[in-house]
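Residue numbers (this note's numbering): 623 to 950.
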């Protein structure tokens, strides 16, 4: 196993998925935790690169317009909570790294060896009708705002008045930040425009966010698994707040952000320093990679580690890009 270049601690080096199917090869993932300090009265870009443990792993025997039959499985629906959101990730085969949301209601109603994909989910990284037969998957629960809150230690600050008086999460929607603040009960997440509870808001794989810790510092301890397959990052044209796929350090090049990997001149990466965003711009230096310029250092930043496995980074691309990152 390669060394992971950040504050990441291994709990168990090889743990088989709790209900991996008996007729499948043993499926194991590294389990651990990483801690992120959230300074008082400051912004912090947060990326969750660890994933929730698999609910099942298995081979796909048939694939028919988003209805998958899992070899050797029974009563899959009974393992799903109707109030929770789930996704599958392809761990081997032509679509390795692709992710698809699960139609929980249909899967629970069938309660057999099938998983129904949510065809209209904007989080799917490929069409749900793609033929996945002969490939293998894991099924996981999505990370949510509530899971993030439960992973915080320290004194939380809540308010029933406004975000200006509470701990706050900023999630970019492609145009601007949607703002969610912790209510006075310190469990509910609200917005100024919508007082409903948003604790079940999904933080999908590859999505980063800004967190403002009001009053006193706190610590975010992410406990989970390191995915044991390639990771697919889909970045649209325009803005997207991203998160890494693995708990390790990244340079612009290892993020896949270079001309010969599909990025364009004048594409940008923004890293928040707690006060404002620092800017990196992809420029031309005659090389196949291009040169990342931070506006201060005359040397290219191509090989400078700018993102950690717990760091969010904002991208602004001229054209959309899809990258596949091999597991460390």
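Beta carbons: idealized from backbone N, C-alpha and C, even for Gly.
Selected residue, minimal CA-CA separation from residue 936, among 870, 820, 680 and 900: 900
Validate contact between the region 894 to 910 and the region 661 to 678 using beta carbons, cut 8 Å, 3 pairs: yes
Local conformation of residue 945 per DSSP, three classes: strand
Under the three-state DSSP convention, the category residue 673 falls into: strand
Neighbour-count burial assignment, residue 909, 16 or more Cβ in a 10 Å radius: exposed
Alpha carbon of residue 691 to alpha carbon of residue 712, nearest angstrom: 14 Å
Residue 847 versus residue 828: straight-line alpha-carbon distance, rounded: 15 Å
Rounded C-alpha distance that separates residue 907 from residue 913: 6 Å
Straight-line gap, residue 858 to residue 778 (C-alpha atoms, nearest Å): 34 Å
Collapsed DSSP secondary structure at residue 915 in the structure displayed: strand
Which of helix, strand or coil DSSP assigns to residue 868: coil
Endpoints, alpha helix (DSSP H) assigned at residue 729: 726 to 732
Through-space distance from residue 852 to residue 716, alpha-carbon basis: 11 Å
Buried versus exposed call for residue 941 [16 or more other C-beta atoms within 10 Å across all chains shown]: exposed
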